[in-house]
Each structure stands twice: as C-alpha cells, then as structure tokens.
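Input: a single structure, listed below in structure tokens.
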Ligand SMILES: [Fe+2]
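Numbering (our numbering), first residue to last: 8 to 577.
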C-alpha cells in the first residue's frame, strides 16, 4: 500500500486463494494508493469478511534498517529534510486498522487480526521461495529500493529465511538501470522492460565508460554516485495525490557532461541510445552474475528463488545458467512490488507462525473469473452478435482465424497475477507471418518498433525450438531460438535471434494448451504469438473491458468464455 503497484492477496492455511493488483480494478497503471478494491475482491472471492481475517501482513517495515538510514541522512545533510518528511508521511500511513476500516466501511472494533510489517526484500524473497517446491534454496531479491535496501541475499530452509547480506542505498543496481533508461528518454515508471528490447540493436561502444559508473566490489558492486542525483535531493519515485507514480530525475549533470544531452522522450532513437542500452544491459548482467556467484559461495545449492523488480529482466534470467552455478530458478511471476502482497502473507504464515506445510504455486491464475451468463449479458448489452460453442469447435474456429493471419482476443478463466498475460487475458496471433509484428503494432498495441512479441510454446516441444531446456512457465526467461527455426517463428524472433518464451503445459492451462495443439495440427508449429490483452492501459480484467478493447482496436475475433465474436458479423 502507498507504493507503486499496490495490491492485495488472501491466503488460507498457507494456500493463495486470490491475488490482484489494484491497477486492474481501478484501471490506473501502477496505482500507488491504498488497495481498497483489491482487498474487497480478495474477501469476496474467499467468501470472508474482514472480521474473519486472523493476520494482516504488509511488505513494508519503516523501522527496518533505521540505523543505516540515519547514518546516511547525517552524512548527507541536504537530504535530512526530505528524510524527515518521508518518515513522517510513512509513519502516518503505517496504521492499518483505521485505513482498512475506512476502505471497507467497517467498524474498527469488529477486526481482530494481528498485524505484521515485513521488510520489503524479505517479502520479495518469501514470494519466490515459499511458492517454489523446494525445502532449501538460495534466496535473492533486487530492485531500485525498498526499506533502504536494493539487494538482499538469503539462505532459505524449511520455514526460515536467514538474511546473509543487504546492499544499502544509494548503492542500487535497479537505480543504475533506471538512471540510464531515463537518460535515453524512457522516464516513466516501468519503462525499463521496454529498453531491454532496445539493447540488442546497440554495440558495446560505451561499455568501458559504464564500467566506471558501476564497478564490481568484492562480492558486491559500487556506483560512482557522481553520475546520480544525490539520494534525498529528489524523491526517486513520487506518489501523486491521486495515486499515480512519477519518476524524478535520477541522472546528474555529470552524465550530460560525459555522454551529451539526454534524449527527449518521443524523439527519434539514435545509435547512441541503442549503444547505451546495449552497454547498460551488458554491465547489469555482469554485476548480477557477480552477486549470484557470491550468493552461491554462502549457499552452495543449485536452486535459486528470486524476486524484486530487476528479476523481470528476462534476458539476464535466461543467461544466468551459463554464468553462475545455479541450475534451476523459481522466479515469482509478480516479481515487482505487487508481489509483496503474497510474499508478506506467506512470510507471516510460514516464518512468523512457523507453519511448515507448503503449497507450490504452479500457475498464476489467481485473479477474478466471470460466469458464462455474466459474459453473455455483457455481449448483449453491447449489441454484439456472437456464437456459443463447445470447447472443440471453439478451438477449431479460433485456430482457423490464427492460421489465416487473424488477430484474436482470448479471454478465458481467471486473470493472471503479475505483469504477464499467460493465456487467459491474451491477444494471440500466428508466430510465423513476416508482417505480424507490424500488423499488431499498427492496429492494436502501438508499441515501440524495437520491442519483440513473445512466443508461447508447448512445454514438451521447447527443446526443438529453443537452445535451453529450463522451463519458463511465467515468461521470465529469454533464450536463443534455434537457427533453423527462426524463419518459422519470424514474428517472435528478436533481432538477436532470441525469444522471451512461455512454456505451456496441459496441467497448468489445459484450454490454452489445447489451442496451441490445434494450431500445430494445422501448421506444424507448436507455438503461438502471445501478447497482453490491452491497449496502453492495465491488462483487461472484466468482460466489459475486453469488449471495449475489441471495439476500439481492429481485432478480427474475440473468444470470450465459450462465445465467439467476429468482426465481420458486427
Ligand atoms: Fe521491490
């Protein structure tokens, strides 16, 4: 709460019942206020009232690392005022009881929960380790910052998460990435993922110079803070009164002196920006692998449980197997800060309450779903003509459209938790048509030309198409596509011959699996192009939002529950 990607989750006896980011309900991207609608949705799904809730856990602990914060504030007097102001504001927002009472319209006296404040990165690590099937693992979390820490290493075993190391601000690998992204004109919260797609277009011209901006340091790293605005002179991330998030400027005048004028947003991208993106990604990976190798010295296992906003860097995730001794990763699909909701809850349950019984998170379909009758009424209210089909004819009709080059809105079952659409709120297309990327960009997604689209592949066929076999059910790894398959997958093959794949199994999502199978029977390709169901907005949640997106954008077909809506009939 009161942090970007505010969210809520509800667990019962250690099992996650429901989880959702507030942005999906109030439609404000990265919303950073109080997650009132998300909390209500959790309670509604569980059939519970707030008076039934035994524990409330929040992935923020303003008292954590207080000594380090004070030490920094005293050494940097210009930041003291900001520090005091921020602390006062956070203390005022710390008291959960009145906030919940107001949000839910319930008398405070009816609530009987125990309250837990879990340090930011502990909640991140818990969100990965406690969702994994493992009894022992190395835990790693990294991002811009959280509770004055940017990186945490831990030993996870049974119901314990023992912190081995914290990297304190202003040292932050996430801030390094954000600073360069801002410098090259991507200054909105969450833009880092876009710039990752730009990196392969660049050369490593600036590599040596960026090594000076961030250096390796005995199992850790060190920023040259002359390139950054001093911490405390801005607020890093500003939360506006309406809950929107704005990034303050991270780069200092020294960046301008060394690298020239920053690129203004929405102007042409030059070779310099591509080269900076390339060197930034390369340096980011080196520091990341250095940290992981350090972690492995302390926890010599092959299993890595990981979260934090930087863990969404799927290129780095795909390469870590070659550069570190870790052989298996379990990365929380909501690796960013919305994931703190389940991390805090699971930490309270397993670690604080010492409950050993675990529930592996096998899929991310933890959001709302809608009955057939509710979908049908939405279609009728919008005067759309539709056909109701059994699963088999539906899959036949949808795959025919895909084979013919159509763009399909695919809305099924429970919404995904986390930033990726994984086959329940997706826009789908043929992965092997040369013009498909341009068609999608021009007609629906309006994305930057350099951003690739992702492939969904049947799990058991992954090895035929990709050069790495580690599964990626949450679309969090980028691997090389086998050279002989790149033509067949040209719409999802990035400029460097890679793809950010999602592996799809029959157990995790049977309907989506069957759709890819049906498509394969017609084309010989066990792969679909999968992009999120939205148009410059949070991913659609309700049938009405899907219908609105279908009406606004020239999609050919909308498959929503058992109903098929064709553009040509409407
Ligand atoms: Fe975080």
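Positions of the beta carbon are idealized from the N, C-alpha and C atoms, including for glycine.
Nonlocal neighbours in the same chain, by C-beta distance under 6 Å from residue i, ignoring five residues either side
i, result
"residue 158", "149, 174"
"residue 340", "371, 425, 481"
"residue 108", "115"
"residue 417", "433, 435, 566"
"residue 395", "569, 570"
"residue 539", "428, 546"
"residue 46", "15"
Short Cβ contact (8 Å threshold) for residue i with residue j
i, j, result
"residue 318", "residue 338", "yes"
"residue 537", "residue 435", "yes"
"residue 25", "residue 17", "yes"
"residue 330", "residue 311", "no"
"residue 138", "residue 313", "no"
"residue 473", "residue 205", "no"
"residue 244", "residue 254", "yes"
"residue 303", "residue 144", "no"
"residue 76", "residue 155", "yes"
"residue 66", "residue 316", "no"
"residue 373", "residue 23", "yes"
"residue 443", "residue 431", "no"
"residue 6", "residue 126", "Because the chain is modelled from 8 through 577, residue 6 falls outside the range shown and cannot be assessed."
"residue 469", "residue 510", "yes"
"residue 213", "residue 260", "no"
"residue 134", "residue 353", "yes"
"residue 504", "residue 517", "no"
"residue 322", "residue 203", "yes"
"residue 502", "residue 325", "no"
"residue 37", "residue 196", "yes"
"residue 57", "residue 100", "no"
Extent of the continuous beta strand (DSSP E) to which residue i belongs
i, result
"residue 550", "First-last for residue 550: 550-559, but that is the alpha helix (DSSP H), not the beta strand (DSSP E)."
"residue 534", "534-539"
"residue 438", "Run containing residue 438: none; DSSP gives neither H nor E here."
"residue 167", "167-175"
"residue 245", "244-246"
"residue 63", "62-65"
"residue 159", "156-164"
"residue 415", "415-418"
Extent of the continuous alpha helix (DSSP H) run through residue i
i, result
"residue 76", "73-82"
"residue 203", "199-205"
"residue 182", "180-190"
"residue 477", "Premise fails: residue 477 is in no alpha helix (DSSP H) and is neither H nor E."
"residue 322", "321-330"
"residue 132", "127-136"
Cα-Cα separation between residue i and residue j, rounded to whole angstroms
i, j, result
"residue 492", "residue 559", "34 Å"
"residue 106", "residue 43", "9 Å"
"residue 39", "residue 375", "21 Å"
"residue 414", "residue 564", "7 Å"
"residue 297", "residue 172", "14 Å"
"residue 547", "residue 34", "9 Å"
"residue 359", "residue 53", "23 Å"
"residue 15", "residue 361", "22 Å"
"residue 258", "residue 268", "11 Å"
"residue 201", "residue 69", "31 Å"
"residue 51", "residue 495", "45 Å"
"residue 507", "residue 556", "25 Å"
"residue 233", "residue 222", "13 Å"
"residue 227", "residue 256", "25 Å"
"residue 277", "residue 192", "11 Å"
"residue 263", "residue 186", "12 Å"
"residue 161", "residue 286", "29 Å"
"residue 357", "residue 21", "8 Å"
"residue 550", "residue 420", "11 Å"
"residue 199", "residue 392", "41 Å"
"residue 452", "residue 61", "43 Å"
"residue 11", "residue 328", "31 Å"
"residue 110", "residue 164", "37 Å"
"residue 180", "residue 291", "7 Å"
"residue 543", "residue 448", "12 Å"
"residue 365", "residue 140", "8 Å"
"residue 535", "residue 128", "35 Å"
"residue 477", "residue 112", "47 Å"
"residue 463", "residue 344", "25 Å"
Whole-Å CB distance - residue i paired with residue j, under 8 Å assumed
i, j, result
"residue 389", "residue 554", "5 Å"
"residue 405", "residue 461", "Wrong, their Cβ atoms sit about 18 Å apart, outside the cutoff."
"residue 410", "residue 529", "5 Å"
"residue 32", "residue 48", "6 Å"
Own chain, CB closer than 8 Å to residue i, minus 5 neighbours either side, in chain order
i, result
"residue 401", "566, 569, 571"
Residues near residue i by beta carbon distance below 7 Å, same chain, minus five either side
i, result
"residue 497", "439, 441"
Residue-level contact to chain B via CB, residue i, 8 Å cutoff
i, result
"residue 299", "In the structure shown, chain B cannot be found, because there is only a single protein chain."
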